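These notes are about the structure you will find just below.
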Amino acid sequence: MSVQEELALQKLSLKMFDCYRPARASADMVAWSRDGRETAASKRYNPAFSKADLFRLGYIAQYSGHSTGSALDLSLVNLRDDNPATFDPQKTYGDCTANVNLRAPDGSIDMGTGYDCSDVKSHTSAKSITSSQREWRQKLVQVMARRGFVNYSKEWWHFSLPGVGRQAYDFPIQKRN
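Here the sequence shown is numbered in my numbering, starting from 3 and rising by one per residue.
Okay, here's the thing in structure tokens:
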């Protein structure tokens, strides 16, 4: 049984945020982290740290498993909920550590922070989240672990599959017509 099939029995689903990422995109992320410019948009995803520190703190890597096909970022969606998760580009949202009602909507279960949040609150075993959020994180980790995936402890959403994806790829993703 796949992860998705197991979750479907519980009226849950996976929501994929990031999977394959060309090596050039990872290189761009490293360059972005080192360019010295802080913006309101970047502070929304790293509210407590300077983006120059994200590489040193392990939130951005020089070499990404996403470029090898061995890493993915995902969350859970409750299929019982009616959550259209409409993002309004005109609206100002709270940072990624804010209450779920203040963060940018993404339609997933509240895991205590938004996806791609560079903050200690995003660590899988963070103590600063509610018991419900901790249970959801553990459900995600456990269902993925049963299929061999390993969670990155600083990002509740990041999983890798050991033993696959040794070579980094750099082919671009083409828009479908």
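Think of the CB as a built atom: it goes at the ideal place given N, C-alpha and C, for glycine as much as any other residue. Fair warning: this is a prediction, and the values are worked out from it, not measured in the lab.
Identify every residue that forms a DSSP beta bridge with residue i.
i, result
"Phe161", "Leu74, Asn153"
"Leu14", "Asn80"
"Asp20", "Asp75"
Let me make sure I understand the geometry here. Which of the options has the alpha-carbon closest to that of residue i?
i, options, result
"Asp20", "His160, Asp30, Ser4", "His160"
"Tyr171", "Gly60, Tyr22, Phe57", "Tyr22"
"Ala63", "Arg46, Ala87, Arg36, Arg82", "Arg36"
"Trp158", "Arg46, Cys119, Ser28", "Cys119"
"Arg39", "Arg26, Asp55, Gly96", "Asp55"
"Pro49", "Tyr65, Lys177, Arg148, Tyr95", "Tyr95"
Let me know the secondary structure DSSP gives residue i once reduced to three states.
i, result
"Asp112", "coil"
"Asp30", "helix"
"Asp55", "helix"
"Ala50", "coil"
"Met3", "coil"
"Lys129", "coil"
CB residue i to CB residue j, shorter than 8 angstroms?
i, j, result
"Tyr61", "Lys141", "no"
"Ala87", "Pro107", "yes"
"Gly165", "Gly67", "no"
"Asp83", "Tyr117", "no"
"Val79", "Ser110", "yes"
"Thr126", "Asn153", "yes"
"Arg136", "Asp97", "no"
"Leu9", "Val145", "yes"
"Ser72", "Leu163", "yes"
For residue i and residue j, what's the separation of their Cα atoms in angstroms?
i, j, result
"Val5", "Gly150", "11 angstroms"
"Arg105", "Asp121", "14 angstroms"
"Phe89", "Lys17", "16 angstroms"
"Ala27", "Gln176", "14 angstroms"
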